[in-house]
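Working notes for the structure below.
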Amino acid sequence: LPEGAISSPRGRVALFKEVYDEAVKRVLAVESEKIGDIAEHERVKIAQQIGLGALVYSMLSVDNNKDIVFDINEALAFDGRTGPYIQNAHVRANSILKKANAQNLVNASFDYELTKHEIELIEQISRFPNAVQQAANEYRPLVMAAYAYDLANAFHSFYHAVPVTQTEDEKTRNARLQLVTAAKQTIANALRLLDIQAPDVM
Numbered sequence: 111l112p113e114g115a116i117s118s119p120r121g122r123v124a125l126f127k128e129v130y131d132e133a134v135k136r137v138l139a140v141e142s143e144k145i146g147d148i149a150e151h152e153r154v155k156i157a158q159q160i161g162l163g164a165l166v167y168s169m170l171s172v173d174n175n176k177d178i179v180f181d182i183n184e185a186l187a188f189d190g191r192t193g194p195y196i197q198n199a200h201v202r203a204n205s206i207l208k209k210a211n212a213q214n215l216v217n218a219s220f221d222y223e224l225t226k227h228e229i230e231l232i233e234q235i236s237r238f239p240n241a242v243q244q245a246a247n248e249y250r251p252l253v254m255a256a257y258a259y260d261l262a263n264a265f266h267s268f269y270h271a272v273p274v275t276q277t278e279d280e281k282t283r284n285a286r287l288q289l290v291t292a293a294k295q296t297i298a299n300a301l302r303l304l305d306i307q308a309p310d311v312m
């Protein structure tokens, strides 16, 4: 913990259930202000996904030969190397696809000048198989945790810089929607390998 190593004699004990419940409570407090018309049981489910994801990522993102300093405030942050930051990339991708009602994207073409954000996102998606192989070969979840962050970071940058649903050319628009679809699936796959759920809204 930030105040020192866990120690029963010193009264510094962190039980998983207590930390988990506190994480869910904090997420619920924030999400209640952000999420619109969602039923209470769905809010709780989303808060549990985010809270547990935050705890898992904060532990798996540290190399397995180093001590973990767990700070619940840092773990639950929506910016930086955290579970919620990565989950939010999945949510944003889902939001774009839902808004565009993206189902039939056969009329798509990447025959245009790609932006640097598109190129970076494509490159990150293409790294997925090698990242999985490296994590497995080295028995290091950190490799997959770091990859998930890099992919989410590339998607967030793409999200802020590249118009998708507003793109006028249909082939370009559908190509970008295909890229968003691929990014969403790859983020979900990376999170699944870390045993973190990928919520559709948050």
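So the number in the numbering used here is just where the residue sits in the sequence shown, counting from 1, plus 110. Beta carbons are placed, not taken as given, at the ideal position from N, Cα and C, and that holds for glycine.
- The Cβ-Cβ distance between V272 and M254 does not fall below 8 Å.
- Every unbroken stretch of the alpha helix (DSSP H) spanning 4 or more residues and falling wholly within the segment 128 to 172 is given here in chain order: 150 to 170.
- Exposure of H270 is indicated by the presence of fewer than 16 other C-beta atoms within 10 angstroms of its C-beta.
- Contact between I156 and V311 holds, since their C-beta atoms are separated by about 7 Å, short of 8 Å.
- Taking 8 Å as the cut-off, the Cβ atoms of I297 and L261 count as close.
- Looking at the backbone, the Cα of K226 and that of L289 are separated by about 14 Å.
- Judged by their CB atoms, I178 and P309 are not nearer to each other than the 8 Å cut-off.
- Shown here, T291 sits in a helix according to DSSP, grouped into three states.
- Restricting attention to Y259, T192 and D131, the CA atom closest to the CA of A293 is found in Y259.
- Counted as a single uninterrupted DSSP element, the alpha helix (DSSP H) harbouring E233 occupies residues K226 to S236.
- Going by C-alpha positions, A187 is about 39 Å away from N217.
- Relative to R136, the option among A164, T291, F265 and A210 whose CA is nearest is A164.
- The Cβ atoms of L170 and L287 do not sit closer than 8 Å to each other.
- When the alpha-carbon of N174 is set against those of Y257, Y249, T277 and H151, the nearest one is in Y249.
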